[in-house]
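With our numbering, the residue at position 9 of the sequence shown is 1258, and numbering never jumps.
Even for Gly, the Cβ is constructed at its ideal location relative to N, Cα and C.
Comments concern the structure below.
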Amino acid sequence: MSQSGVAFTEKNIAEDQSFLDELVGLGAQATPTTVIDGEVIIGFDRRALKEKLGL
């Protein structure tokens, strides 16, 4: 996303338990998990990310 100039917040679940709790609350059990406008994208899905971001 950096290469496309998209602003984002990285949350490392190994460094902060609250980030892991947030991930579990989203129903995700894998990383990376990306949330865009409330839509959860689990795993690295380039097509879904580009589509959701309009790239």
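In angstroms, rounded to a whole number, what distance separates the CA positions of residue i and residue j?
i     : j     : result
F1289 : D1270 : In the sequence under discussion, the amino acid at residue 1289 is Val, which differs from the Phe named in the question. C-alpha separation (whole angstroms): 15 Å.
Q1278 : F1293 : 13 Å
T1282 : L1298 : 11 Å
K1301 : S1251 : 15 Å
Decide if residue i is buried, meaning its Cβ has at least 16 other Cβ atoms within 10 Å, or exposed.
i     : result
L1275 : exposed
L1304 : exposed
Hey, out of the options, whose CA is closest to residue i's CA?
i     : options                    : result
T1280 : L1302, G1303, S1251, E1259 : E1259
Checking 7 Å against the spacing of the C-beta atoms, do residue i and residue j come in under that value?
i     : j     : result
I1285 : L1272 : no
Give the range of the beta strand (DSSP E) segment to which residue i is assigned.
i     : result
V1273 : No beta strand (DSSP E) holds V1273; the alpha helix (DSSP H) holding it covers 1266 to 1274.
T1282 : 1282 to 1285
Can you tell me where the alpha helix (DSSP H) holding residue i begins and where it ends?
i     : result
E1288 : Element bounds for E1288: not the alpha helix (DSSP H) but the beta strand (DSSP E), 1288 to 1291.
E1300 : 1295 to 1302
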